[in-house]
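Take a look at the structure set out below.
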């Protein structure tokens, strides 16, 4: 079994995934628009170049997303994408990159369980947690 987050955006999926590719050192494997798909006629004409499906590989992990049609989009809430990072300096780098033009909910810092932990909502409205656990 594989368990992967699937994010929904309000027209910013392409920009978000290009940003995540850079921040996380991943690789966009798929970036498909509504144009030419069976769903093309189910979205407004101005929405047809938006993303129907995107897939970003980061190491062995996968993050997927799409642009929800305007009448179906809901602001993300009730979850966070959690990143487990082994190196504290890399946790700091990723946190700062994702936080650029976003909202820091908890600054990245040492906690009782982690060398580094922080929470933020990025510029695209996606909540993240960056965690670098203490060595056992």
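Numbering (this note's numbering), first residue to last: 1328 to 1463. We put the CB at the ideal spot given by N, CA and C, even for glycine.
In the structure shown, what three-state DSSP assignment does residue i receive?
{"i": "residue 1463", "result": "coil"}
{"i": "residue 1455", "result": "strand"}
{"i": "residue 1404", "result": "coil"}
{"i": "residue 1269", "result": "Given that the chain is displayed from residue 1328 to residue 1463, the structure contains no residue 1269 and the question cannot be resolved."}
{"i": "residue 1384", "result": "strand"}
{"i": "residue 1365", "result": "helix"}
Answer yes or no: the CB of residue i versus the heavy atoms of the ligand NAD, is any distance below 6 angstroms?
{"i": "residue 1412", "result": "Of ligands this structure carries none, so the ligand NAD is not represented either."}
If residue i and residue j are in contact, beta carbons under 8 angstroms, what's the gap, nearest whole angstrom?
{"i": "residue 1353", "j": "residue 1383", "result": "5 angstroms"}
{"i": "residue 1410", "j": "residue 1458", "result": "7 angstroms"}
{"i": "residue 1385", "j": "residue 1376", "result": "At roughly 25 angstroms, the Cβ-Cβ gap does not stay under 8 angstroms, so residue 1385 and residue 1376 are not in contact."}
{"i": "residue 1358", "j": "residue 1342", "result": "11 angstroms between Cβ atoms; not a contact."}
Kindly indicate which residue of the options has the alpha-carbon position closest to the one of residue i.
{"i": "residue 1340", "options": "1399, 1394, 1423", "result": "1394"}
{"i": "residue 1404", "options": "1463, 1367, 1344, 1453", "result": "1453"}
{"i": "residue 1333", "options": "1376, 1408, 1446", "result": "1408"}
{"i": "residue 1435", "options": "1350, 1427, 1428, 1446", "result": "1446"}
Report yes or no: do three or more beta-carbon pairs, one from the segment 1384-1391 and one from the segment 1432-1449, lie closer than 8 angstroms? no
Identify every run of the alpha helix (DSSP H) within the segment 1398-1451, keeping only runs that are complete inside it and at least 4 residues long; order them along the chain. 1415-1426
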